[in-house]
Structures are given as structure tokens and as C-alpha cells.
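S.K.: Taking my numbering, I'd label the letters of the sequence shown as residues 26 to 454.
Think of the CB as a built atom: it goes at the ideal place given N, C-alpha and C, for glycine as much as any other residue.
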Amino acid sequence: MTAVHGADPRVAAVAAGLRPTRIEVDLDAIRHNVGRLATLAGGAEVCAVVKADAYGHGAEAVARAAVEAGATWLAVALAEEGLQLRDAGIDARILVLSEPPVSAIADLLAADLTPTVYREPFIAVLDAQGQGRGRPVPVHLKVDTGMARVGVPPDHWQARFEQVATAEGVELEGLCTHLARADEPSVDTTSQQLAAFDRAIAEAARVGLHARLTHAANTAGVLLHPRSHHVLVRPGIGVYGLSPSSEVDAAEHGLCPALRLVSEVSFAKHVAAHTPVSYGHRWRAPEDGWVATVPIGYADGVPRRLTNRVQVLLAGRRRPVIGMITMDQVMVWCGDEEPVVGDEVVLLGAASRAPAAGAPPGPRPRPGADPGADPAPGSESTAADGTPLPSPPLQVRAEEWAEAADTVTYEIVSSLTARLPRIHLGVAH
26 MTAVHGADPR VAAVAAGLRP TRIEVDLDAI RHNVGRLATL AGGAEVCAVV
76 KADAYGHGAE AVARAAVEAG ATWLAVALAE EGLQLRDAGI DARILVLSEP
126 PVSAIADLLA ADLTPTVYRE PFIAVLDAQG QGRGRPVPVH LKVDTGMARV
176 GVPPDHWQAR FEQVATAEGV ELEGLCTHLA RADEPSVDTT SQQLAAFDRA
226 IAEAARVGLH ARLTHAANTA GVLLHPRSHH VLVRPGIGVY GLSPSSEVDA
276 AEHGLCPALR LVSEVSFAKH VAAHTPVSYG HRWRAPEDGW VATVPIGYAD
326 GVPRRLTNRV QVLLAGRRRP VIGMITMDQV MVWCGDEEPV VGDEVVLLGA
376 ASRAPAAGAP PGPRPRPGAD PGADPAPGSE STAADGTPLP SPPLQVRAEE
426 WAEAADTVTY EIVSSLTARL PRIHLGVAH
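#1: Distance, Cα to Cα, V164 vs A220?
#2: Could you check whether the Cβ of A153 sits closer than 8 angstroms to any Cβ belonging to chain C?
#3: Would A205 and Q218 qualify as a contact pair, given that the criterion is a beta-carbon distance under 8 angstroms?
#4: What are the partner residues of I119, as DSSP defines its beta bridges?
#5: To the nearest angstrom, report how far apart V168 and D223 are at their CA atoms.
#6: Which of helix, strand or coil does DSSP assign to V438?
#7: Which residue marks the beginning of the beta strand (DSSP E) containing H449, and which one marks its end?
#8: Candidates Y143, E198, A297 and Y435: which alpha carbon is nearest A173's?
#9: State the Cα-Cα distance for the pair P140 and P345, rounded to the nearest angstrom.
#10: For F186, count the other beta carbons within 10 Å of its own beta carbon; 16 or more makes it buried, fewer makes it exposed. Which is it?
#11: Using a Cβ-Cβ cutoff of less than 8 angstroms, which residues in the same chain neighbour Y365 once the five nearest sequence positions on both sides are dropped?
#12: Less than 8 angstroms separating the beta-carbons of P282 and L249?
#13: Between which residues of its own chain and A184 is the CB-CB distance below 8 angstroms, once the five residues before and five after are set aside?
#14: Taking 8 angstroms as the cut-off, decide whether the C-beta atoms of V421 and V319 are in contact.
#15: Ignore the nearest five residues each way along the sequence and tell me which others in R89's own chain have a CB closer than 6 angstroms to its CB.
#16: Could you give the residue range of the beta strand (DSSP E) that holds A73?
#17: Does DSSP put H203 in a helix, in a strand, or in coil?
#18: Does V177 come out as helix, strand or coil in the three-state DSSP assignment?
#19: Could you pull the DSSP bridge partners for T139 from this structure?
#20: State the Cα-Cα distance for the pair A207 and A297, rounded to the nearest angstrom.
#21: Can the beta-carbon of A102 be found closer than 8 angstroms to that of S128?
#22: If G374 and L284 are in contact, beta carbons under 8 angstroms, what's the gap, nearest whole angstrom?
#23: How long is the line joining the alpha carbons of D51 and G194, rounded to whole angstroms?
#24: So if DSSP puts Q336 in a beta bridge, which residue, or which two residues, is it bridged to?
#25: Near R330, which residues of its chain fall below 7 angstroms by C-beta distance, leaving aside the five closest residues on each side in sequence?
#26: Compute the distance between the beta-carbons of G360 and G314, then report whether it is under 8 angstroms.
#27: Determine the direct distance from the alpha carbon of G157 to that of L120, and round the result to whole angstroms.
#28: Quick check on DSSP: helix, strand or coil for A88?
#29: Taking the straight line between their C-alpha atoms, what separation do you get for A91 and R444?
#30: Per DSSP, which residues does S270 bridge with? Please list them.
#31: To the nearest angstrom, how far is the alpha carbon of G95 from that of E106?
#32: Could you give the C-beta distance for H240 and L257, rounded to a whole number, given that I count them as a contact under 8 angstroms?
#33: Spatial neighbours of L138 within its chain, please: CB distance less than 7 angstroms, with the 5 preceding and 5 following residues excluded, ordered by chain position.
#34: Roughly how many angstroms lie between the CA atoms of H57 and S288, to the nearest whole one?
#35: Looking only at its chain, what residues have a beta carbon closer than 8 angstroms to the beta carbon of R334, apart from the 5 residues adjacent to it on each side?
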């Protein structure tokens with residue numbers, strides 16, 4: 026089933042035959058990935074991270090799919106993100122990953138959102154609120170073990186543990202930390218952080234704090250560091266089938282990309298050899314040939330720094346993006362093949378192709394592989410644990426964009442703007 030959310034004017038525009046540019050999100054892929062991550066986590070509960078509008082995939086639909094697949098928790102960065110999920114009727118446990126302002130506490134408690142805490146003043150206010158309402162507020166206390174972003178630093182652990190232990194209006198439900206370099210298999214920082222987390226758990230126990238949930242693992246932790254799994258894991262980018270870094274390939278672990286960024290050819294023009302294209306004339310035609318224009322640009326989240334660096338799938342074949350990427354349009358070189366207005370253009374994701382019955386979406390080529398090479402027909406691969414995987418479809422990976430833009434997949438998908446309608450496929454009845 027496809028959800029087009031007719032009240033959304035952007036989706037209505039696609040349905041009405043206006044701009045064809047859109048994001049398609051395969052919720053079956055989300056369900057597959059959550060189930061796969063649960064298996065890899067060895068029985069730990071799964072907290073699916075759906076912050077930043079589910080990394081650009083659409084938080085409400087993704088949250089529902091994740092819970093349907095067995096996630097027992099959802100996580101957001103901001104209290105307002107949690108409130109939006111509650112307004113949508115989602116009643117799963119929701120963890121707010123960063124300590125919100127004190128002014129947000131009333132709304133947070135009214136919506137039954139679970140706060141992450143680490144500052145003494147915030148915990149004190151929360152304690153008073155919990156006592157005032159006659160029941161303690163469940164919290165997850167975050168300790169810093171090497172990220173140096175937020176969380177209680179080691180020299181304050183004892184004081185903060187004692188504060189929580191004596192606070193009658195606060196109940197420690199979770200104790201957590203965050204891994205800084207789990208996506209770098211060659212470094213030992215993760216083992217050092219996990220050892221520090223073990224010390225924090227032991228120190229908390231000495232003052233009578235025993236959290237039901239301990240958690241440290243992000244996606245890379247789930248994939249590479251079994252010691253990090255604890256009772257709960259918090260995968261983010263893996264829920265969407267994307268790789269956390271160039272050193273960790275999600276496809277090798279059986280994860281499948283859920284997002285397609287799709288448009289159509291809006292204009293075709295034959296140009297002579299040496300004709301310059303787009304602002305700044307940074308690309309010239311190597312020979313006589315065809316240029317296709319596609320109605321999408323950096324206002325939609327296509328990074329301008331991808332100019333002359335990536336390819337798209339046009340009518341099922343890889344073609345290079347040429348000339349400066351503009352606010353609303355990109356150009357594609359088609360050589361001696363004339364593009365047809367209305368031809369499908371896939372900027373991210375797989376070419377339109379029905380998967381084998383019952384099979385999850387296929388894995389992708391490895392990062393660094395020839396982007397123009399089609400998979401061998403009938404080829405088969407296996408996940409890191411030996412699970413058979415279907416043949417990979419022809420596709421453009423978010424990992425390719427990340428490498429070309431010198432960034433990470435997280436930034437690529439979360440930067441896709443609100444101007445793009447999100448069309449969700451596989452909505453449960």
C-alpha cells in the first residue's frame with residue numbers, strides 16, 4: 026500500500042502531475058533492517074533512532090514501521106520531535122537523546138517522553154516535578170566515556186549518581202553512553218569507552234543505582250562490537266540501510282537502503298562539441314551530444330559540491346551529472362543517446378525493478394567500486410554472518426554522494442529538504 030498523505034500539498038502536486046521530483050521510502054526495507062539489526066544485536070532490545078524526520082525519510086511512517094518490526098523504543102533528538110510523534114498517535118516509548126531545556130519539562134511529562142539527563146540543575150527540577158505529581162519520572166542518565174559532547178564527565182560520576190540515588194522524584198531507568206569511533210574498526214577507542222562504561226555501571230551500583238536498561242551501541246556498535254550491545258541498542262543510520270562510514274558497509278551485514286530520490290527528464294537539448302553548460306561554464310561537451318535537464322537542485326538537498334562528481338540513473342543507465350548544480354535543476358550528459366522528456370531519473374536508490382518474490386531489497390556495490398559497473402546477472406553474495414543476499418540492483422548509493430562530497434551518509438539524507446514530498450510504500454493496513 027502507498028501512503029500519499031493527500032493533505033500534503035507537495036504530495037498532491039506529484040499526484041496532480043506537477044513537479045515529478047519526490048522521495049520514495051520503502052517501509053518494508055525499514056522493517057527488514059530493524060529485524061536484521063535485532064538479530065545482529067543478539068537479543069538486545071532495539072531503540073530505533075528517528076530524529077531529524079527519521080534522517081529525512083519521514084518520522085511518522087518510519088516510526089510506525091520500526092515498531093511493527095519489533096523496536097521497543099524510538100529515539101529523537103528534540104522534545105518537539107517526540108511531541109510530533111505523540112500528536113500522530115504513536116504510543117511507543119520515546120527517548121529524548123539530549124537533555125531538553127527546563128522550560129520543556131511540562132510538555133515532556135505530559136506526553137510521556139523519557140528524558141536523557143546529565144546536568145545537576147535539570148535533574149533537580151525534574152525531581153521536584155516528579156515529587157509534585159506523586160510519581161517519579163523515569164530517566165536515562167548519560168555518562169561521557171570519550172565523546173566529550175554531552176554526558177556526565179568521569180570526575181562528576183559519583184556526585185551525579187548520588188544525586189539521582191537520593192532523588193525521590195526521579196527513577197533511573199537507563200544508564201547510557203555514546204561511542205565516538207565505533208565505525209573505525211582499526212582503532213581501539215571503542216574498547217576503551219566500553220571499559221569506562223563498565224566502570225560507570227559499577228560505580229552507580231555502589232550507591233544503589235541499578236538501571237534496567239544499559240545502552241551504548243549505535244549502528245556501528247551493533248555491526249562490529251558485540252560487547253557494546255548490553256540490554257538495548259540504538260541504531261540510527263542502519264535503520265535506513267545506509268553505511269555509518271566508508272570503513273563499514275551496511276550491505277555486507279544484510280541491510281537494505283530504504284530511500285529513492287526520483288525525478289524525470291524535463292527538457293532535452295542537443296549541443297555541439299565544446300558547448301559550456303551551466304553557471305561558471307565548469308563543464309564543456311566533449312563531443313556533439315545530448316544534455317538532459319532534471320527538475321531538482323540544491324534547494325532540494327542535492328549538494329552543490331557534487332557538481333561534475335556523481336552519476337544518476339537515466340532510463341536505467343548510469344549518466345554523469347554535468348555543469349554546476351543549480352538551485353532547482355541539474356543537467357545530465359547522455360552522449361549520442363537522445364533522452365526523452367518523462368524518462369525516469371534516479372538520483373539515489375535503485376532503478377525501478379520489482380524484487381524477487383519475498384526477497385528484501387538487494388545489497389549495493391561496495392564503496393569505491395566502479396560506479397558504472399552493473400552487477401553480474403545472477404550473482405549472489407552473503408552477509409558477514411553468511412546470510413544469503415539477493416543480487417544487487419543497479420543503483421546510486423548515498424555512500425557515493427557522501428564520498429564525492431567528503432561527508433557521511435547521515436548528512437546526505439538528513440539534508441534532503443522539506444520541498445521534496447515523501448511517498449511511503451508498504452504502509453501496513
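M.R.: Answer, in terms of the structure:
#1: Going from the Cα of V164 to the Cα of A220 covers about 23 angstroms.
#2: In the structure shown, chain C does not exist; there is a single protein chain.
#3: By the CB criterion at 8 angstroms, A205 and Q218 fall inside the cutoff.
#4: The partner list for I119 (beta bridge, DSSP) reads L99.
#5: Answer to the nearest angstrom: the Cα atoms are 11 angstroms apart.
#6: V438 falls in the helix class under three-state DSSP.
#7: Per DSSP, H449 belongs to the beta strand (DSSP E) from R447 to L450.
#8: With distances taken between Cα atoms, A173 lies closest to Y143.
#9: Computed Cα separation, rounded: 46 angstroms.
#10: Buried: at least 16 other Cβ atoms inside 10 Å.
#11: First, the amino acid is wrong: residue 365 is Val here, not Tyr. Excluding positions up to five away in sequence, the list reads V290, A293 and A340.
#12: Against a cut-off of 8 angstroms, the Cβ pair of L249 and P282 comes out as no contact.
#13: Answer for A184: E145, listed in chain order.
#14: The answer is no: Cβ separation not under 8 angstroms.
#15: Cβ neighbours of R89 beyond the five flanking positions: none.
#16: Where A73 is concerned, the enclosing beta strand (DSSP E) starts and stops at E70 to V74.
#17: In this structure, H203 counts as coil in the three-state DSSP scheme.
#18: Strand at V177.
#19: Per the DSSP secondary-structure output, T139 pairs in a beta bridge with L120.
#20: Distance between the alpha carbons of A207 and A297: 50 angstroms.
#21: No, the pair does not count as a contact, with Cβ atoms beyond the cut-off.
#22: Yes, G374 and L284 are in contact; Cβ-Cβ is about 6 angstroms, under 8 angstroms.
#23: Annotation: D51 to G194 spans about 42 angstroms, alpha carbon to alpha carbon.
#24: Q336 pairs with P345.
#25: Closer than 7 angstroms at the Cβ level, and outside the excluded window around R330, lie A430.
#26: Their beta carbons are under 8 angstroms apart, which means G360 touches G314 by this criterion.
#27: Within the model, the alpha-carbon separation for L120 versus G157 is close to 22 angstroms.
#28: DSSP, read as helix, strand or coil, puts A88 in helix.
#29: Taking the straight line from one Cα to the other gives about 25 angstroms.
#30: According to DSSP, S270 bridges with V273.
#31: When rounded, the distance between both Cα atoms is 21 angstroms.
#32: Confirmed, Cβ separation roughly 4 angstroms.
#33: Sequence-distant Cβ neighbours of L138 in its own chain, meaning closer than 7 angstroms and more than five residues away, are A104, G107, I119 and V121.
#34: Taking the straight line from one Cα to the other gives about 26 angstroms.
#35: So the list reads V346, A429 and A430, once near-sequence residues are dropped.
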